[in-house]
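Down below is the structure, laid out as structure tokens.
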Amino acid sequence: MRTQLIFLIFITLAFVRCQGSSRTEATGKQAIQDKSVADTIDFQKGYALMKQKCFICHLEKPDPAKRNQMIAPPMVRVQQHYKPAYPKRNDFVQAVMNYVKNPSEKTTLMPGAVKRFHLMPKLVYTDQELRLIAETLYQHDFQASPGQNQGMNRPLTLNQGKKWVLDAETMKNMNLIDQKINHFSSSQLSDYHQLGKEIFGMAKTVLLENGHQGQAYTELQSFFHNIEDNMHALMAAATVSEGQKQLTILKQKFKKFHQYFK
Numbered sequence: 008m009r010t011q012l013i014f015l016i017f018i019t020l021a022f023v024r025c026q027g028s029s030r031t032e033a034t035g036k037q038a039i040q041d042k043s044v045a046d047t048i049d050f051q052k053g054y055a056l057m058k059q060k061c062f063i064c065h066l067e068k069p070d071p072a073k074r075n076q077m078i079a080p081p082m083v084r085v086q087q088h089y090k091p092a093y094p095k096r097n098d099f100v101q102a103v104m105n106y107v108k109n110p111s112e113k114t115t116l117m118p119g120a121v122k123r124f125h126l127m128p129k130l131v132y133t134d135q136e137l138r139l140i141a142e143t144l145y146q147h148d149f150q151a152s153p154g155q156n157q158g159m160n161r162p163l164t165l166n167q168g169k170k171w172v173l174d175a176e177t178m179k180n181m182n183l184i185d186q187k188i189n190h191f192s193s194s195q196l197s198d199y200h201q202l203g204k205e206i207f208g209m210a211k212t213v214l215l216e217n218g219h220q221g222q223a224y225t226e227l228q229s230f231f232h233n234i235e236d237n238m239h240a241l242m243a244a245a246t247v248s249e250g251q252k253q254l255t256i257l258k259q260k261f262k263k264f265h266q267y268f269k
């Protein structure tokens with residue numbers, strides 16, 4: 008009798024623990040589902056704000072049919088410039104918020120866009136609005152958008168069969184970039200990231216120089232447009248092997264510079 012009583016108590020306790028565990032597991036799953044729903048709601052709010060406040064000037068993605076109507080870079084290009092430099096979500100969001108609050112040539116990651124469209128004006132948005140927009144920009148999958156046309160190469164042309172003439176300061180800076188790329192050697196991933204940042208910084212200096220004008224500058228922009236994805240990939244390389252791959256591509260692409268400029 009006593010044995011049966013002990014067995015009954017054991018079964019009862021096991022059942023209670025099982026039920027408690029099931030409730031805990033169910034609660035955990037519900038919390039995950041609720042978080043997912045909350046994230047979706049935040050994304051929807053952020054995307055609605057982006058459409059209302061950003062798409063007035065920025066296209067969502069490149070559209071060749073509207074190229075002459077563009078007054079600011081497409082939003083996908085903003086994402087492509089900021090994510091390699093700020094791969095962590097919080098850093099990305101804060102960087103975008105800081106720039107929108109106080110646009111400047113010193114902090115821009117898009118010198119070609121600044122040269123073409125000038126600095127964006129300071130916008131009076133609340134921090135909550137800016138944060139929602141920046142978070143949405145970070146997580147938005149532009150690849151899923153139909154008609155995405157990112158990464159298009161812009162073919163370079165010669166000046167009636169001759170090379171485009173650039174000023175001495177520009178050529179000096181371009182030669183320094185060339186030397187930095189071709190003389191680089193390291194087995195440390197952090198060094199590849201640093202190289203990408205240094206190359207991009209030097210390219211930024213070149214593109215923001217005031218002496219450029221006309222078709223020669225347009226061709227120079229095209230040259231950098233064709234290597235900027237590789238500079239970003241170098242900054243964000245996940246492995247040394249990927250860094251080496253991007254560096255090899257940059258070396259190959261940079262060889263073309265002296266075919267078009269002098």
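Following this note's numbering, the numbering of the sequence shown begins with 8 at its first residue and continues without gaps.
Just so you know, even glycine gets a beta-carbon here, dropped at the ideal spot from N, CA and C.
- Excluding five sequence positions before and after His65, the CB atoms of its chain that fall closer than 8 Å to its own CB belong to Ala79, Pro80, Pro81, Met82 and Val85, given in chain order.
- Tyr267: member of the alpha helix (DSSP H) spanning Phe264 to Tyr267, first to last residue.
- Rounded to the nearest angstrom, the gap between the Cα atoms of Ile140 and Gln167 is 46 Å.
- Residue pairing from DSSP places Asn166 in a beta bridge opposite Lys169.
- Within 10 angstroms of the beta-carbon of Ile206 lie 16 or more other beta-carbons, which makes it buried.
- Using a Cβ distance threshold of 8 Å, Asn237 and Gln253 count as a contacting pair.
- For Lys258, same chain residues with a beta-carbon under 7 Å away, outside a window of 5 residues either side, are Ile188 and Asn189 in chain order.
- By the neighbour-count criterion, in which a residue is buried when 16 or more other Cβ atoms sit within 10 angstroms of its Cβ, Leu202 is buried.
- Counting the other Cβ atoms within 10 Å of the Cβ of Phe62 gives fewer than 16, which makes it exposed.
- Taking the Cβ atoms as the reference, Ala240 lies roughly 11 Å from His200, outside the contact range of under 8 Å.
- For Asn189, the uninterrupted alpha helix (DSSP H) segment begins and ends at Ala175 to Asn189.
- With respect to Leu196, Thr246 sits close: the two C-beta atoms are nearer than 8 Å.
- Annotation for Glu67: Pro81, Met82, Val83, Phe149 and Ser152 place their beta carbon closer than 8 Å to its own, counting only its chain and skipping 5 residues before and after.
- Under the three-state reduction of DSSP, Asp49 is assigned to helix.
- Residue state for His65 is assigned as coil, using DSSP reduced to three classes.
- The C-alpha of Lys122 lies about 13 Å from the C-alpha of Pro110.
- Assigned with DSSP and collapsed to three states, Lys95 falls in coil, not helix or strand.
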